[in-house]
Amino acid sequence: MAGPAGDWPEAAAATSARSVLGGYRTYARRWVFLLVISLLSYSNATLWLSFAPVADTIARHFLLSTEQINWLSLVYLVVSIPSGVVAIWVLDSVGLRWATTLGAFLNFSGSVIRSIPCMAIGTQDPFVLLLGGQSLCALAQTLVIFSPAKLAALWFPEHQRATANMIGTMSNPLGILVANLVSPILVKTEEDIPLMLGTYILPAGLAFLLATACLWESVPPTPPSVGAAQSTSLSFLAGLKLLTRNKAYIILAVCFGGGIGIFSSFLALLEQVLCVNGYSSEFAGLCGVFFITFGVLGAVALGLYVDRTKHLTEAIKIGLCLTSLACVAFAVVSQLQGQTIALAAICSLLGFFGFSVAPVAMELAVECSFPVGEGAAAGLVFVLGQAEGVLIMVLLTSLTVRHAEPSVSTCRDGQGPLDWKAASWCSSSTPRTGACRPRLTPAPPFRRTNAQQLQQPWTTCPTWQPRPEAPPQHPGPQQPLPETGAPGPASLLLGTLQDVSGARQRARGWRAVGVR
52 MAGPAGDWPE
62 AAAATSARSV
72 LGGYRTYARR
82 WVFLLVISLL
92 SYSNATLWLS
102 FAPVADTIAR
112 HFLLSTEQIN
122 WLSLVYLVVS
132 IPSGVVAIWV
142 LDSVGLRWAT
152 TLGAFLNFSG
162 SVIRSIPCMA
172 IGTQDPFVLL
182 LGGQSLCALA
192 QTLVIFSPAK
202 LAALWFPEHQ
212 RATANMIGTM
222 SNPLGILVAN
232 LVSPILVKTE
242 EDIPLMLGTY
252 ILPAGLAFLL
262 ATACLWESVP
272 PTPPSVGAAQ
282 STSLSFLAGL
292 KLLTRNKAYI
302 ILAVCFGGGI
312 GIFSSFLALL
322 EQVLCVNGYS
332 SEFAGLCGVF
342 FITFGVLGAV
352 ALGLYVDRTK
362 HLTEAIKIGL
372 CLTSLACVAF
382 AVVSQLQGQT
392 IALAAICSLL
402 GFFGFSVAPV
412 AMELAVECSF
422 PVGEGAAAGL
432 VFVLGQAEGV
442 LIMVLLTSLT
452 VRHAEPSVST
462 CRDGQGPLDW
472 KAASWCSSST
482 PRTGACRPRL
492 TPAPPFRRTN
502 AQQLQQPWTT
512 CPTWQPRPEA
522 PPQHPGPQQP
532 LPETGAPGPA
542 SLLLGTLQDV
552 SGARQRARGW
562 RAVGVR
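Each residue of the sequence shown is one higher than the one before, counting from 52 in the working numbering.
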């Protein structure tokens, strides 16, 4: 799949020739591929946070501590750090089809294994099986979460890339939304836990079936664009070396990775934070629903806007700034009692501004890292985000202390309520750091778009056409007149006007290509 870096000029020349011959086309089955990846990402997300909204009930049923319940979510972040590098290599070397199929198999296997403690009577240590199943699902996550950017670059034309990336990326938070909404509805008592675990097996099995039966190839027979033809122009190790030397990419990865860590911790610990001040687990799940719903709506709107304008950098800067304000508001209001409407509104704004940036950041990571493969560009951002998520989640839990005095807590883990005040203020500082840092750096170069523009023939410019040859009756600016053998004033003036007009037309054509 990946050729050496020295083959890139030859590939570029072949791409230019293919463009002239009209060799680019799209295939309807790209939407089937997108459906499979979206369903797999959705299922994987439901398995990740299915325990968090009902953490107290799960802890009582399996005789687990709050720390063990947190590890059922934290294991996703821990496992994805070492396995993320392997997943990047699999995507760029083995291919998108086999990576998706392997991820679907691991996801389905993990969903079955974590249900064994409820199906087998007399299980000695249910935590081992629960953690083992979650670990397999975590391995699948690294293969699934990197795929939308790769799929969009290989199968979709330029004007659909950000939208396809948005659909595939937002399927993951949609699964988180369903987990926050469905888990509290299904689990009213401890006897309902097997029903919840069995329900989440169904989408995992369907995704595995579709991935096995409906995916036939990793790349289309004919690429849809110039960028797709050059998508795998560098080898895996060469791509990683380029990424480590790319300043704009590193800044983007660190800042956006911090956002991933904050949102992962927010979703995993939301119920534990709110129950201290008397909010129910159902309300915590509702806040998670608002968080994801408005995040998906914001991602749809921002994805369509970015597809038309290509203002990726500006969208990320504004999104991070607004996200930092929403985090500060949550840190204040979450410590107060009886503020249900305010908390629901703040969670909605936090999702609208924060989650909407995710697909845009992935697209910008691919843009500023070209010609590195899409799997490596998007995957390294995610791996850094998971590593930062582990550090943030461990830091937040270590900053909590137990309340000694009675309170209005609705926490049902059998222990004293936790004080999350210091942890909340600490978490609100991370998005502010990410919002300020990109503002102090130059805008990252759009290397993929620029490369595609250089490969386009002049005749594809929308507002410029090559200047026709001058009619024979009008001599050029330096052609001698038949009578005298020297250029006349009228000929000089006409030739100058033609040159200026042609230059203006060429400038307008290139500007139109630059904003396309």
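Note that CB positions come from ideal geometry on N, CA and C, so glycine has one too.
Would you mind sorting residue i into buried or exposed? The rule is 16 or more other CB atoms within 10 Å of its CB.
| i | result |
| --- | --- |
| Arg81 | buried |
| Gly308 | buried |
| Cys188 | buried |
| Ser407 | buried |
| Cys265 | exposed |
| Leu288 | exposed |
| Leu431 | buried |
| Lys239 | exposed |
| Ile388 | Per the sequence shown, residue 388 should be read as Gln rather than Ile. So Gln388 counts as exposed. |
| Glu118 | exposed |
| Val145 | exposed |
| Ala429 | buried |
| Ser449 | exposed |
| Val434 | buried |
| Arg76 | exposed |
| Asp107 | buried |
| Asp176 | exposed |
| Leu353 | buried |
| Pro133 | exposed |
| Ala215 | buried |
| Pro493 | With a pLDDT of 45 at Pro493, under the threshold of 50, the modelled position of this residue cannot be trusted, and the question is left open. |
| Leu147 | buried |
Rank the options by C-alpha distance to the C-alpha of residue i and give the top, closest one.
| i | options | result |
| --- | --- | --- |
| Lys298 | Pro224, Ser399, Ala416 and Ala335 | Ala416 |
| Gln390 | Leu325, Gly402 and Glu365 | Leu325 |
| Ala150 | Ser420, Ser92, Phe102 and Ile164 | Ser92 |
| Val305 | Pro168, Ala412 and Ile252 | Ala412 |
| Ala262 | Phe156, Cys419 and Glu439 | Phe156 |
| Trp99 | Ile397, Leu85 and Ala230 | Ala230 |
| Gly310 | Leu202, Val130, Ala79 and Gly402 | Gly402 |
| Met170 | Leu248, Pro104 and Glu333 | Leu248 |
| Leu293 | Cys419, Gly256 and Ser101 | Cys419 |
| Val347 | Gly226, Met221 and Glu365 | Met221 |
| Tyr127 | Leu194, Phe84 and Gln211 | Leu194 |
| Leu125 | Phe159, Gln185 and Thr152 | Gln185 |
| Arg165 | Leu246, Phe433, Gln386 and Glu333 | Leu246 |
| Ser94 | Phe159, Gly135, Ala352 and Leu181 | Phe159 |
| Val357 | Gln437, Arg212 and Ser375 | Arg212 |
| Glu439 | Ser316, His210 and Val163 | Ser316 |
| Ser131 | Ile443, Gln437 and Ala79 | Gln437 |
| Ile369 | Val379, Val383 and Gly405 | Gly405 |
| Pro50 | Ala79, Lys201 and Pro177 | The chain is shown from 52 up to 567; residue 50 falls before or after that span and cannot be answered. |
| Leu90 | Ile313, Thr174, Phe341 and Tyr251 | Tyr251 |
| Gly349 | Leu225, Leu253 and Ile302 | Leu225 |
| Val445 | Ile196, Thr97 and Leu320 | Leu320 |
| Pro271 | Ala203, Val179, Ser385 and Gly424 | Ala203 |
| Trp140 | Ala255, Phe197, Gly256 and Ala393 | Phe197 |
| Thr374 | Ile301, Val351 and Phe345 | Phe345 |
Pull up the CB-CB distance for residue i and residue j, whole angstroms please, since I reckon it's below 8 Å.
| i | j | result |
| --- | --- | --- |
| Phe207 | Pro275 | 6 Å |
| Ile88 | Gly219 | 5 Å |
| Ile227 | Leu123 | That pair is no contact at about 14 Å. |
| Val129 | Val441 | 6 Å |
| Pro168 | Phe84 | Actually they are not in contact, since the Cβ atoms of Pro168 and Phe84 sit about 35 Å apart, beyond 8 Å. |
| Gly336 | Ser234 | 7 Å |
| Ile27 | Ala380 | Residue coverage of the chain in this structure runs from 52 to 567, which leaves residue 27 outside it and unanswerable. |
| Leu363 | Glu414 | 6 Å |
| Gly312 | Ala427 | The Cβ separation is near 20 Å, so there is no contact. |
| Ser162 | Ala96 | Contact flag wrong, Cβ pair sits at about 12 Å. |
Output the residue ranges of the alpha helix (DSSP H) runs that lie fully inside the stretch 288 to 371 and measure 4 residues or longer, sorted by chain position.
-> Qualifying alpha helix (DSSP H) stretches, in chain order: 298 to 326 and 332 to 360.
List in chain order: all unbroken alpha helix (DSSP H) runs of 4+ residues lying wholly within the stretch 184 to 233.
-> Taken in chain order, the unbroken stretches of alpha helix (DSSP H) that lie wholly in the stretch 184 to 233 and span 4 residues or more are 198 to 206.
What are the start and end residues of each continuous alpha helix (DSSP H) run of 4 or more residues lying completely inside the stretch 403 to 436, in chain order?
-> You should have 408 to 420.
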